[in-house]
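Here it is as structure tokens:
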């Protein structure tokens, strides 16, 4: 291997390690080698095999290089271009992964319409296929058909795929009705700091589920005959926690009341899907859900998940930071009303169409046209709250928006341990963001963006925020190793190019 390739690979490894927040010693421990060996690798002074590169990528949850096909995907962005025209919002990533987990409740055939073709979905499909579930893309690859086997082969589960998605945690709710014991790998996904499963367990223990964790595996046992005799009160109003409780309640032979439930968009979509399976759910859109379980679900069902409000916010932010006029179609307005109210106070110039109904027959949509605006920093801080508050996943986009507004904006991302830290990557593109603590960042605007080459942050939304800033920066930027973006967005570069962006996908190793 040529010396220049060793240097380039070493730089990629160093950047991935630093984004993970690891020292060289921590990486060395994970690899079973010495700190000095890691140091030589990162400086390009160590011959390195493809097997070692793959091991490093697995340890860092970052595709340094992939065996069997071309290397990691990068984006080359020619910035300073105005966007124009119209772009449609795709179906919700978070709803689609919840619905895939929910298909384990059903013995019949499930068809999900317009499923997001993203890495998170692909990982779940790999897991489902490995345990015997038959899946295939139909209708020219637009829709997804899922047919479960009579018996799941949990021992054959693709553990590598399972570890690369946090969504695997939502297998717990459906599986506790199918078997008295099973194993699941630890959940993975974005690097957002420590996230305990204890809120899930507080709910699922009420259905007889007990879990012990050893050596990267959750060992689950289900005690027969255990059922919640009183309402389940969730200790965290989390989306996946609520979904797991719903999935457990769906096949419980009786009525389950779930309090302090999330009423967010993906939870509502899951409730609508459960109704299509014959499970009655009262209180959809509120924090108290009453589920009338059906012990045996064997139906052929056809369901259309709604559009993704976080993708809609991404596209809105793209228009704002590039000072463009852009129409964003199929925006799920009820899950973006707070965001638009804040942006109106900041001075956003926009129009909304009349409301219409999504394909699920329930979610309200609009078409939103955004125009170049002179924004002022908001008086109050930007902070998330459970729905109907400002969406937790939409907070990072306000970092890019605040960077083009006049004045100082305080962003308080209190939910995740270290997501705010990744927002300071905007400083490499000319931003002026000051990290006050792991949860608070002060943004000074307006910003004169400048091009740069950098490693993609390991968290989905901050990664997209960096891409949007690159689109606004005059010159050519490079964003390396964008697997994390592909986890949550379908063909984002191509779709942005369709409205005037200039983003090239390339691989160099």
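Residue numbers (my numbering): 488 to 996. Backbone N, C-alpha and C fix where the C-beta goes; we use that ideal spot for every residue, glycine too. What you are looking at is a predicted structure, and each value in this text was computed from that prediction instead of being measured.
Does the Cβ-Cβ distance between residue 619 and residue 640 come in under 8 Å?
-> yes
Could you please give the first and the last residue of the uninterrupted beta strand (DSSP E) stretch that includes residue 752?
-> Element bounds for residue 752: not the beta strand (DSSP E) but the alpha helix (DSSP H), 752–763.
Ends of the beta strand (DSSP E) at residue 661?
-> Per DSSP, residue 661 belongs to no beta strand (DSSP E); it is in the alpha helix (DSSP H), 659–662.
Pull up the distance between the alpha-carbon of residue 794 and that of residue 818, whole angstroms please.
-> 7 Å
Of all the options 968, 974, 724 and 991, which has the alpha carbon lying nearest to the alpha carbon of residue 504?
-> 968
For residue 731, I'd like the list of residues in its chain whose CB is within less than 8 Å of its CB, leaving aside the five on either flank, ordered along the chain.
-> 656, 657, 659, 660, 687, 690 and 691
Distance CB(residue 694)-CB(residue 715) smaller than 8 Å | yes
List the endpoints of the continuous beta strand (DSSP E) containing residue 894.
-> 894–899
Secondary structure of residue 511, DSSP reduced to three states | helix
For residue 498, which three-state DSSP category applies?
-> helix
Helix, strand or coil for residue 941 per DSSP?
-> strand
Compute the Euclidean distance between the alpha carbons of residue 864 and residue 808, then round it to the nearest angstrom.
-> 14 Å
Apart from the five residues just before and just after residue 891, which ones in its own chain have a Cβ nearer than 7 Å to its Cβ?
-> 807, 808, 862, 932, 933 and 934
What did DSSP end up calling residue 983 once you bin it into helix, strand or coil?
-> helix
Can you name, in chain order, every residue of its own chain whose Cβ lies under 8 Å from the Cβ of residue 553, other than the five neighbours on each side?
-> Summary for residue 553: the model assigns pLDDT 47, below 50, so the residue's position carries little reliability, and this model does not support an answer.
Is it true that the segment 969–981 meets the segment 605–613, where meeting means three or more beta-carbon pairs spaced less than 8 Å apart?
-> yes
When 685, 525, 704 and 801 are compared against residue 884, the one with the closest alpha-carbon | 801
From this set, 768, 747 and 744, which residue's C-alpha is nearest residue 755's C-alpha?
-> 768
Residue 757 and residue 589: beta carbons closer than 8 Å?
-> yes
Can you tell me whether residue 681 is buried or exposed, with buried defined as 16 or more other CB within 10 angstroms of its CB?
-> Here residue 681 scores only 41 on pLDDT, less than 50, and its place in the model is too uncertain to base an answer on.
Going straight from the alpha carbon of residue 810 to that of residue 728, what length do you get?
-> 38 Å
From 673, 626 and 591, residue whose alpha carbon lies closest to that of residue 666 | 591
Comparing alpha-carbon positions, which option in 987, 578, 936 and 787 lies nearest residue 850?
-> 578
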